[in-house]
Every structure is written in structure tokens, then in C-alpha cells.
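Residue 2 is where the sequence shown starts when you use this note's numbering, and the numbers rise one by one after that.
Just so it is clear, CB atoms sit at the ideal spot from N, CA and C, and this is done for glycine as well.
Notes follow once the structure below has been shown.
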Amino acid sequence: MPEYADSDFFYFDTEKRVIIGPVQWSKTGTVQPLEKPETPGEGPERKWRGKRRKEYYIWGTYRSLKRLYNLEGKTRREENTQTLDEAMERSLKEPYWNSAPPVEQPLASQ
Numbered sequence: 002m003p004e005y006a007d008s009d010f011f012y013f014d015t016e017k018r019v020i021i022g023p024v025q026w027s028k029t030g031t032v033q034p035l036e037k038p039e040t041p042g043e044g045p046e047r048k049w050r051g052k053r054r055k056e057y058y059i060w061g062t063y064r065s066l067k068r069l070y071n072l073e074g075k076t077r078r079e080e081n082t083q084t085l086d087e088a089m090e091r092s093l094k095e096p097y098w099n100s101a102p103p104v105e106q107p108l109a110s111q
């Protein structure tokens with residue numbers, strides 16, 4: 002599996018769950034839509050009335066696609082967890098209302 006940067010943009014096939022390729026940009030800076038190839042109907046019971054709608058691949062950053070579709074397997078987000086004892090010790094040393102340095106306010110002159 003090639004390595005992709007999290008900030009790169011790619012087209013993605015949701016049915017096959019694969020990356021199609023990098024996103025193509027127009028001269029105006031908008032994304033050029035990549036059309037999906039047409040698939041024939043699945044059996045005689047599937048009949049369309051009128052013209053079939055065009056379908057396009059979705060696109061997004063590699064980071065968002067891998068989180069939504071689990072491209073690299075199921076990953077857990079790392080949480081900064083502490084035990085209750087550690088949290089209580091820290092809260093006694095550093096109360097949250099004292100965490101920011103005091104801001105000096107100018108006196109109103111009369």
C-alpha cells in the first residue's frame with residue numbers, strides 16, 4: 002500500500018473501498034468531477050425509465066477518507082487518560098481557574 006500524506010486529496014470508490022487517484026483541479030481552482038463508468042443493469046427486473054443519472058466518485062483528503070472508511074484498518078483515537086489519583090493530585094496543584102496567567106487591566110482614567 003503506497004504511503005499518502007494526510008493532506009493530499011484523492012478520488013475514492015466507496016463500493017470497492019479503494020483510492021482511484023489524485024484529485025484533478027481546474028484552472029479556476031475547483032475540483033474536476035471524475036465520472037464513474039456505466040455498469041449495465043443487473044438482470045431483467047432492473048429497468049430504467051428515462052435517462053440514467055451520471056454518477057461521480059467522491060473525493061476528500063486522505064485523512065478524512067481513512068477515518069470514514071477505515072482504509073488502514075480500525076484505529077482507535079489516542080486519548081490522554083489519567084487515573085483518578087493522578088487527576089486529583091493535578092487538580093489540587095493546578096486548579097483550572099488559576100491555569101491562565103493574570104491579565105493586567107488598565108485603570109480607567111477620569
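- With 16 or more other CB atoms across the displayed protein chains lying within 10 angstroms of its CB, Leu66 is buried.
- Contact between the segment 74–92 and the segment 50–58 is absent: fewer than 3 CB-CB pairs across the two stretches fall below 8 Å.
- Spatial neighbours of Tyr5 in its own chain (CB-CB distance under 6 Å, excluding positions within 5 residues in sequence) are listed in chain order as Tyr63.
- The Cβ atoms of Pro23 and Asp9 sit closer than 8 Å to each other.
- Along the length of the segment 7–63, whole beta strand (DSSP E) runs at least 3 residues long occupy 10–14, 19–23, 59–62, reported in chain order.
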